[in-house]
Structures are given as structure tokens and as C-alpha cells.
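J.: Structure in C-alpha cells, see below.
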Amino acid sequence: MKNLLFFTLLSIGLLSSCKDDEQDQNVLPEATQSGKNTAGALINGKVWVATTKKLNSNNDGTYCEKLNENYLIKLDLRKNPDRYTESIYLIVSIPNLEINQTYEVINQTPDDGYNYATYISNDKVSYSSNPNNSGRIKITRLDLQNQIVSGTFEFKAKDSNGNIVTITEGRFDKKFD
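Under my numbering, the first residue of the sequence shown is numbered 875, with each subsequent residue one higher.
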């Protein structure tokens, strides 16, 4: 009987100490640098957390590559794998990248090539960065061997009607997809 009581209490203790790996959607994820596949930001002051760790195979996803002296970094952060769901997409080309240096490089439109950001809202409205609304990115870890990129970002973007969305306190800790 004592053994049964002991094992029952032990089981309850073990089960109650298990952590839920799901990210709380009401709290920004910690700014980590270990490839936890977390990302989030404040969008117009409201918490937004990416929940998809990998997109389907026909999308580029998150990655970084070195081209001569430039580092090309693409971040694809989404609520789910559907291509047209709420998402944040950044692509930047940074020459001679230094870790923990802030770069004001998010200042173009998607039509310009690199150095832009987009946000697609729940109702599928697309907001894009532009030269009048610059943004920043800071890479806090770049590990090409282990395929991890971590850092912070912020930017403003405008839709086709001139409405502006402000994205602040962005953070990411991603393994390449």
C-alpha cells in the first residue's frame, strides 16, 4: 500500500513538472541564441508569435549565406505554413557583418531586391518597407556550420492605401529551414 501511494505521488509530481513546449501566444519569446526556432514581435503594440518551425518544401524559409563579403539573410516567420497567412518576411544583405552591430538596412521595397521587410496581416493585407520608413536588424548569433541565426529587428511598413504598421521588439532564434 505504501508503495502504491509512493508511486502515485511520484507520478503526479513528475507529470506536473513536465513543461509544455508550446510558446505562449500572449508573451514574446525570450531573445535566445541556441536555435530554438522561436520568433515574435510587437505589431502595433500587440504580441505576435511565429508558430511555424518549417514551411513546406517549395518555400525558401529561413537561411543565411555568404556571397563574397556580403551576408544574405532571409527570415520567414509565420503563424502557420500557408503561404498567405499572417507573416513577417525580412531579407537583408549586409556587407562585412559584425555580430551585435545594428544595421539600418530595412529601407527598400520588395521590388528593389534586398533590404526590405513585409508583414501580411490576418486579413491578407500586405505591408512593405520603403525608403521613408527604415528598419533595423541586429544579428546576435550567426553560426553557418550549425545553421543558426539569431537577433532582433524592428521596422515600419505601409500598405497600398498608405496605412502604416509598426513592428517593434522583434526577435528570432532560428535554425535554417
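Glycine included, every Cβ here is placed at the ideal spot set by N, Cα and C.
Quick check on PRO969: does DSSP put it in helix, strand or coil?
T.: Translated into positions along the sequence shown, residue 969 becomes position 95. For PRO969, the three-state secondary structure derived from DSSP is strand.
J.: Taking the C-alpha atoms as reference points, what is the distance between ASP1033 and ILE917?
T.: For the purposes of this step, residue 1033 is taken as the residue at position 159 of the sequence shown. For the purposes of this step, residue 917 is taken as the residue at position 43 of the sequence shown. Taking the straight line joining both Cα atoms gives about 14 Å.
J.: Counting only the same chain and skipping the five closest in sequence on each side, list residues whose C-beta sits under 8 Å from that of GLN899.
T.: For this step, residue 899 is matched to residue 25 along the sequence shown. The beta carbon of GLN899 sits closer than 8 Å to those of VAL921, VAL923 and THR925, all from its chain and outside the five residues before and after it, given in chain order.
J.: Of the residues GLU943, VAL901, ASN1020 and PHE1029, which one's Cα is nearest the Cα of THR964?
T.: Position 90 of the sequence shown, counted from the start, is the residue given in the question as residue 964. Note that residue 964 corresponds to Leu in the displayed sequence, not to Thr. Of the candidates GLU943, VAL901, ASN1020 and PHE1029, the one whose C-alpha sits nearest the C-alpha of LEU964 is PHE1029.
J.: When we look at the beta-carbon of SER908 and count the other beta-carbons within 10 Å, is it buried (16 or more) or exposed?
T.: If you number the sequence shown from 1, residue 908 lands on position 34. Counting Cβ neighbours within 10 Å, SER908 comes out exposed, since fewer than 16 surround it.
J.: Could you check what DSSP says for ASP898 in three-state terms: helix, strand or coil?
T.: Walking along the sequence shown from the start, residue 898 turns up at place 24. Coil at ASP898, not helix or strand.
J.: Kindly confirm or deny that the stretch 992-1007 and the stretch 970-977 touch, where touching means at least three C-beta pairs closer than 8 Å.
T.: no
J.: Our contact map puts VAL1023 next to TYR988 with C-beta atoms below 8 Å; I'd like the distance itself, whole angstroms only.
T.: Translated into positions along the sequence shown, residue 1023 becomes position 149. Translated into positions along the sequence shown, residue 988 becomes position 114. Contact between VAL1023 and TYR988 does not hold, since their C-beta atoms are separated by about 16 Å, which reaches or exceeds 8 Å.
J.: Distance, Cα to Cα, ASN942 vs SER961?
T.: Walking along the sequence shown from the start, residue 942 turns up at place 68. Walking along the sequence shown from the start, residue 961 turns up at place 87. The alpha-carbon atoms of ASN942 and SER961 are separated by roughly 30 Å.
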